[in-house]
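Down below is the structure, laid out as structure tokens.
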Amino acid sequence: VQTCALPIWRHVSAATQPIRRLMDQAGPAVQAGASLDRQVRRRTAWLPFAPVTVREVAAPADRGPDPAVITDVVELALHALAGSAPPARADVEVQPGGQALEIQLTITPLDGATVRVAATAAETALAQLAAALGGTVQARLGAFPWRVRIALASRAPL
17 VQTCALPIWR HVSAATQPIR RLMDQAGPAV QAGASLDRQV RRRTAWLPFA PVTVREVAAP
77 ADRGPDPAVI TDVVELALHA LAGSAPPARA DVEVQPGGQA LEIQLTITPL DGATVRVAAT
137 AAETALAQLA AALGGTVQAR LGAFPWRVRI ALASRAPL
């Protein structure tokens, strides 16, 4: 299975394990082999985005990215956006590729708002997340809907 096997993931994983255990105790655990959609919805339930939908663009059999890695990136990216966004729906599209994994987020306020919101902190946090993972981010956080594209290098597992 291809995955974003970046050394920083070991640090991210170690740093997030205590909160992950607390969150897992708060509700039913996601079963091994659960769909990416189910994993993302479970892990992002604490954020002010509802619903969260996930669409996976098909990857060659046994060559898709590790769902746990994608779930971590989506959770961290939505967390970066949460403080600047009103209650909203989050649509996630995952596009695995030979050289890069792309995660696209679309944030649409539930009340249909289209006004511009100050999102400097979210832009900074997204840029730091992408940089820490060795990837890039493009964010359009002016008028709603917001659109974020995170690209991470695809590599064989460590």
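The sequence shown begins at 17 in our numbering and counts up one residue at a time. Yeah, the Cβ is synthetic: ideal placement off N, Cα and C, and Gly gets one too.
Which residue or residues does DSSP assign as beta-bridge partners of Leu168?
-> For the purposes of this step, residue 168 is identified with residue 152 of the sequence shown, where counting begins at 1. Beta-bridge partners of Leu168 (DSSP): Leu117.
Can you tell me whether Gln18 is buried or exposed, with buried defined as 16 or more other CB within 10 angstroms of its CB?
-> Here residue 18 corresponds to residue number 2 of the sequence shown, with the count starting at 1. Summary for Gln18: the model assigns pLDDT 39, below 50, so the residue's position carries little reliability; its value from the coordinates is reported in the next sentence. Buried, because 16 or more other Cβ atoms sit within 10 Å of the Cβ of Gln18.
Have a look at Leu106 and Ala135 and give me their C-alpha separation to the nearest angstrom.
-> Position 90 of the sequence shown holds residue 106. Position 119 of the sequence shown holds residue 135. Note on residue identity: the sequence assigns Ala, not Leu, to residue 106. Going from the Cα of Ala106 to the Cα of Ala135 covers about 16 Å.
Pairwise C-alpha distance: Arg71 and Glu109 | On the sequence shown, position 93 is the one that residue 109 refers to. On the sequence shown, position 55 is the one that residue 71 refers to. If I take the Cα positions, the gap works out to 5 Å.
In terms of DSSP beta bridges, what is Ile123 paired with?
-> The residue you call residue 123 lines up with position 107 of the sequence shown. Looking at the DSSP assignment, Ile123 forms a beta bridge with Ala106, Trp162.
Identify every residue that forms a DSSP beta bridge with Val68.
-> For the purposes of this step, residue 68 is taken as residue 52 along the sequence shown, with counting starting at 1. DSSP, once it has assigned bridges, lists Ala106 as partnering Val68.
Candidates Ala155, Pro103, Leu157, Val89, of which the one nearest Ala66 by Cα | To locate residue 66, count along the sequence shown from 1; it is residue 50. Out of Ala155, Pro103, Leu157, Val89, Pro103 has the C-alpha closest to the C-alpha of Ala66.
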